[in-house]
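In the working numbering, the protein residues as written are -19 to 131.
Below, the structure is given as structure tokens:
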């Protein structure tokens, strides 16, 4: 496999050391940038990439890898009355709610416009709307609104 343009080398907390690198790989006639894990005896292109790292053949500096932050879990399980939620909003909040709905793609917007109840969904639409509300009005105000709307 061909590779080039290695950068963003992050060392993993293991012995012997492994790395996560951002690298371009040649697939199906084109170069694709991806993150790639390299370890001693890891197979594939691991050994030549480790050699290139040892020889300084990459852009930037080596940094320590850190795990991504845990996902944010919103505490709003259950069902909520959309009409009670909207009735509890100030006119400014309702305008922001409508602007957020109008920013959605047509299909999710239609789902929200026709729904009498709001609840978590696999597509993450509910969490997205709640996250937007928190970013706009703050968590305390969203807690108040959701308490009024809870079924």
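Glycine included, every Cβ here is placed at the ideal spot set by N, Cα and C.
| task | Pull up the distance between the alpha-carbon of residue 106 and that of residue 0, whole angstroms please. | result | 34 Å
| query | Taking three-plus beta-carbon pairs below 8 Å as touching, is the segment 18 to 26 in contact with the segment -9 to 5? | reply | yes
| Among residues of its own chain, excluding the 5 on either side of residue 3, which ones have a beta-carbon nearer than 6 Å to its beta-carbon? | Closer than 6 Å at the Cβ level, and outside the excluded window around residue 3, lie -17, -14, 16.
| For residue 77, three-class secondary structure by DSSP | helix
| task | Measure how close the beta-carbons of residue 89 and residue 98 come, nearest whole angstrom, since I'm counting them as under 8 Å. | result | Rounded, the Cβ-Cβ distance is 14 Å, inconsistent with contact.
| Just how far apart, CA to CA, sit residue 85 and residue 92? | Cα to Cα, the separation comes out at about 11 Å.
| query | In angstroms, rounded to a whole number, what distance separates the CA positions of residue 134 and residue 60? | reply | Any answer about residue 134 is impossible in this case: the structure gives the chain only from -19 up to 131.
| message | Looking at the secondary structure, which residues open and close the beta strand (DSSP E) in which residue 6 lies? | response | -1 to 7
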